[in-house]
Amino acid sequence: MAETERQLRVLREITDPFVNLVKAPRVLWGINLSYLLEGLTYFGILSLLAMYFNELGLNDIDAGRMVGILTAGITLSMLFLGGTVDWIGVRKSLLIALTAMLIGRILLTIAPQIGLPGLWASAHVSAMFGILGIILGYGIYQPACYAAVKQFTTPQTAAMGYAMLYAIMNLGGFLPGLISPPVRKAYGITGVYWVYVALTIVGIAVVYFILSRKVIAKTIEQIKAQKTETESTDATENQTTSEKIRYYLKNFPIKDARFMFFIFILIPVQTLFAHNWLTLPMYFERAFQGTTVSSNFEFFVNLNPILIFILAPMVAALTAKKDTYKMMIIGTTVMASPTFLLALGPRTEYVIAYILIMTIGESMWQPRFLQWVAEIAPKNMTGIYMGIGQFPWFLTKIITSLYSGWFLMHYCPANTPVDQLHTERMWLIYGFIAIISPMALLLARRWMGKGLERKRN
């Protein structure tokens, strides 16, 4: 009997968050649909971006740096523009962000047709202006989405709301693996990019019509009614602009050594995220020449996102009550460990095992980290906290993009027979880098103490 009750309790722990999420407001589903389209578009462009710049006449090192400018620029943009949603609201922020990204993606797509190839030639410069538009837009977009989840969920739906947002983005990140190969083979990379331009327009329509002013106002009233009076108190209500600025500066978390250690020590393991677009596409194409992996590299690069879509909500439901810090140690360890499998050589079974195990680890810690950053933020400061919490991600993208091209040229160069590649050394080094994060978290567990306790707003 006791065993049956335990099994039923576990089943309820898994199913209840999903049931609560199904009952979530229409606004939240609009955010999820927008995030799905944006995940598809962003990761679809990103997985081809290094090759796109190769076609513009840049070598692997310079192409990697251009990808790094995009990815790191987005994170840096969040630091400065993430607070936009705190000032003008979710709907306006999303529409401004998506419009900026639409302009940027059009410029990126037409650059090869309106300019000459080569480093800093006219096509390259045009593409960089396109990247600038994407950077500015995305710097507002992601903080706005997480601020929306915080605003439009209750304590019962919050954990699954954050996990589902992360999972939905990754579902979008998987879809290019199905869409991109046939379009690329028929129309080239720019043909694929035109598809993503069209999807950006659809994303704008989703926000404009589903997240109408009337629907948002009604949802806010419903959410307030479900929260206690304390929870719905707005710390910045009726403040002047100067008072709001002082409030923001006072509540910046940079004075908290534990917070800063926690977000920066994740840089080593986060390099594996960056290698998903800086290294894996070229690695699959070059180290698996003449195989299905090489000819359909987009599919294998994007296996991680579809697995995240499946696993993240399940892991969130099973571990919602687990200690955040312990989950971070376990999750980063699981994520870093399979890198050493690739150090054994380029074999398909190692690649699949690497992607599967890495994804399980990512599901254990990444959504919890994003939720924690959003939840400890004071009222009306979620956007800024998300920007600061993502700053180490900016450094990760910069650092990884600086050396990934060099490693490819030395250990996995283009136009080289497979038996002359030395990818094992490359992945062994990457494995040693990634494992630094869980080791440091483990060593610092006593010092961290209660530094990660959630502050309910």
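In our numbering, the protein residues as written are 92 to 548.
A virtual CB, placed ideally from N, CA and C, is assigned to each residue, including glycine.
Keep in mind the model is a prediction, meaning the values are calculated, not measured.
field: Per-residue burial, residue 277 [other beta carbons within 10 Å of its own, 16 or more giving buried]
entry: Residue mapping note: residue 277 aligns to position 186 of the sequence shown, counting from 1. Exposed, since its Cβ has fewer than 16 Cβ neighbours within 10 Å.
- prompt: So residue 403 and residue 237 are in contact, right, with Cβ under 8 Å, and what is the actual spacing, rounded?
  reply: Sequence index remark: in the sequence shown, residue 403 carries index 312 (1-based). Sequence index remark: in the sequence shown, residue 237 carries index 146 (1-based). No, residue 403 and residue 237 are not in contact; Cβ-Cβ is about 15 Å, not under 8 Å.
message: Determine whether the beta carbon atoms of residue 363 and residue 525 lie at a separation below 8 Å.
response: For the purposes of this step, residue 363 is identified with residue 272 of the sequence shown, where counting begins at 1. For the purposes of this step, residue 525 is identified with residue 434 of the sequence shown, where counting begins at 1. Against a cut-off of 8 Å, the Cβ pair of residue 525 and residue 363 comes out as a contact.
- prompt: In this structure, does DSSP put residue 430 in helix, strand or coil?
  reply: Numbered from 1 along the sequence shown, position 339 holds the residue referred to as residue 430. Residue state, collapsed to three classes: helix.
query: Where residue 550 and residue 392 are concerned, what is the direct C-alpha to C-alpha distance, given to the nearest angstrom?
result: The structure shown has nothing for residue 550, since the chain only spans 92 to 548.
query: So is the beta-carbon of residue 159 under 7 Å away from any non-hydrogen atom of the ligand MG?
result: Absence of the ligand MG is noted for the structure shown, with no ligands found whatsoever.
- request: Using a threshold of 8 Å, state whether the C-beta atoms of residue 196 and residue 126 are closer than that.
  value: If you number the sequence shown from 1, residue 196 lands on position 105. If you number the sequence shown from 1, residue 126 lands on position 35. Between residue 196 and residue 126, the CB-CB gap reaches or exceeds 8 Å.
field: Selection from 455, 367 and 414 that minimises the alpha carbon distance to residue 492
entry: Your numbering for residue 492 matches position 401 in the sequence shown. When only C-alpha atoms are compared, the closest one is 367.
Sub-8 Å separation of residue 301 and residue 130 beta-carbons: Mapped onto the sequence shown, residue 301 falls at position 210. Mapped onto the sequence shown, residue 130 falls at position 39. Taking 8 Å as the Cβ cut-off, residue 301 and residue 130 do not qualify as a contacting pair.
message: Using a Cβ-Cβ cutoff of less than 8 Å, which residues in the same chain neighbour residue 444 once the five nearest sequence positions on both sides are dropped?
response: Within the sequence shown, numbered from 1, the residue matching residue 444 stands at position 353. Correct list, in chain order: 429 and 432.
Pairwise C-alpha distance: residue 486 and residue 239: Here residue 239 is taken as the residue at index 148 of the sequence shown, counted from 1. Here residue 486 is taken as the residue at index 395 of the sequence shown, counted from 1. C-alpha separation (whole angstroms): 26 Å.
message: With three or more C-beta pairs closer than 8 Å as the rule, is the region 447-464 touching the region 418-429?
response: yes
- prompt: Does the count of Cβ pairs from the region 145-165 and the region 221-230 closer than 8 Å reach three?
  reply: yes
field: Inter-residue Cα distance where the pair is residue 135 and residue 289
entry: Working through the sequence shown from its first residue, we reach residue 135 at position 44. Working through the sequence shown from its first residue, we reach residue 289 at position 198. Looking at the two C-alpha atoms, the distance is approximately 13 Å.
Nearest-angstrom Cα separation, counted from residue 233 out to residue 253: Taking the first residue of the sequence shown as 1, we reach residue 253 at position 162. Taking the first residue of the sequence shown as 1, we reach residue 233 at position 142. Between residue 253 and residue 233, the alpha-carbon positions lie close to 12 Å from each other.
field: Chain-order list of residues whose beta-carbon lies under 6 Å from that of residue 448 (same chain, five-residue window excluded)
entry: Along the sequence shown, one-based indexing puts residue 448 at 357. These residues qualify, in order along the chain: 429.
message: So, under 8 Å CB-CB, residue 199 and residue 284 are touching, yes? Tell me the CB distance rounded to an integer number of Å.
response: Within the sequence shown, the letter at position 108 stands for residue 199. Within the sequence shown, the letter at position 193 stands for residue 284. Residue 199 to residue 284, Cβ: 6 Å. Contact.
task: Just the C-alpha distance for residue 273 and residue 291, rounded to the nearest angstrom, thanks.
output: As a working note, residue 273 is residue 182 in the sequence shown. As a working note, residue 291 is residue 200 in the sequence shown. So the two alpha carbons sit approximately 20 Å from each other.
- request: Compute the Euclidean distance between the alpha carbons of residue 185 and residue 510, then round it to the nearest angstrom.
  value: The residue you call residue 185 lines up with position 94 of the sequence shown. The residue you call residue 510 lines up with position 419 of the sequence shown. Looking at the two C-alpha atoms, the distance is approximately 49 Å.
query: Would DSSP call residue 503 helix, strand or coil?
result: Stepping through the sequence shown from its first residue, residue 503 is reached at position 412. It is coil, neither helix nor strand.
message: Given this structure, state the Cα-to-Cα distance separating residue 515 from residue 504, to the nearest angstrom.
response: Residue numbering aside, residue 515 sits at position 424 when the sequence shown is read from its first letter. Residue numbering aside, residue 504 sits at position 413 when the sequence shown is read from its first letter. Answer to the nearest angstrom: the Cα atoms are 13 Å apart.
message: With the cut-off set at 8 Å, would you say residue 271 and residue 139 are in Cβ contact?
response: If you number the sequence shown from 1, residue 271 lands on position 180. If you number the sequence shown from 1, residue 139 lands on position 48. Closer than 8 Å, so yes.
- request: Within its chain, find whatever has a CB closer than 8 Å to the CB of residue 384; leave out the 5 residues flanking it on each side and keep chain order.
  value: If you number the sequence shown from 1, residue 384 lands on position 293. Cβ neighbours of residue 384 beyond the five flanking positions: 375, 391, 439 and 442.
- request: Tell whether a beta-carbon distance below 8 Å holds between residue 226 and residue 165.
  value: In the sequence shown, counting from the first residue as 1, residue 226 sits at position 135. In the sequence shown, counting from the first residue as 1, residue 165 sits at position 74. Yes, the Cβ-Cβ distance between residue 226 and residue 165 is below 8 Å.
- prompt: With a CB to CB cut of under 7 Å and the five nearest residues on each side skipped, what residues in its chain are close to residue 531?
  reply: Here the question's residue 531 lines up with position 440 in the sequence shown. If we look at residue 531 and ignore the five residues flanking it on each side, its Cβ neighbours are 356.
query: What whole-angstrom Cβ distance do residue 208 and residue 124 have, given they're in contact under 8 Å?
result: Mapped onto the sequence shown, residue 208 falls at position 117. Mapped onto the sequence shown, residue 124 falls at position 33. That pair is no contact at about 38 Å.
- prompt: Which whole-angstrom value describes the C-beta separation of residue 141 and residue 372, a residue pair presumed to lie in contact below a C-beta threshold of 8 Å?
  reply: Within the sequence shown, the letter at position 50 stands for residue 141. Within the sequence shown, the letter at position 281 stands for residue 372. Rounded, the Cβ-Cβ distance is 7 Å, consistent with contact.
message: Helix, strand or coil for residue 211? Go by DSSP, reduced to three states.
response: Position 120 of the sequence shown, counted from the start, is the residue given in the question as residue 211. Correct three-state label for residue 211: coil.
message: Can you give me the C-alpha to C-alpha distance between residue 538 and residue 155, rounded to a whole angstrom?
response: Start at 1 with the first residue of the sequence shown, and residue 538 comes out as number 447. Start at 1 with the first residue of the sequence shown, and residue 155 comes out as number 64. In this structure, the straight-line span from the alpha carbon of residue 538 to that of residue 155 is close to 37 Å.
task: Locate the alpha helix (DSSP H) running through residue 372, then write down its first and last residues.
output: By one-based count along the sequence shown, residue 372 stands at place 281. Counting along the chain, the alpha helix (DSSP H) containing residue 372 begins and ends at 371-378.
task: Give the DSSP-derived three-state secondary structure of residue 321 in the structure shown.
output: Residue 321 sits at position 230 when you count from the first residue of the sequence shown. Note that residue 321 scores a pLDDT of 42, beneath 50, so its modelled location is shaky and nothing firm can be said.
- request: Taking the CB atoms as reference points, tell me whether residue 480 and residue 399 lie closer together than 8 Å.
  value: Mapped onto the sequence shown, residue 480 falls at position 389. Mapped onto the sequence shown, residue 399 falls at position 308. Contact: no.
task: Note down the Cα distance separating residue 203 from residue 189, rounded to an integer number of angstroms.
output: On the sequence shown, position 112 is the one that residue 203 refers to. On the sequence shown, position 98 is the one that residue 189 refers to. Those two C-alpha atoms are separated by around 23 Å.
query: Buried or exposed: which applies to residue 381, given that a residue is buried once 16 or more other Cβ atoms fall within 10 Å of its Cβ?
result: Start at 1 with the first residue of the sequence shown, and residue 381 comes out as number 290. Under this definition residue 381 is an exposed residue.
- prompt: Shortest alpha-carbon distance to residue 499 belongs to which of 489, 512, 488 and 508?
  reply: Counted from its first residue, the sequence shown places residue 499 at position 408. Ranking the options by Cα distance to residue 499, first place goes to 512.
query: Comparing alpha-carbon positions, which option in 518, 389, 468 and 133 lies nearest residue 269?
result: Along the sequence shown, one-based indexing puts residue 269 at 178. Minimum Cα distance to residue 269 is reached at 389.
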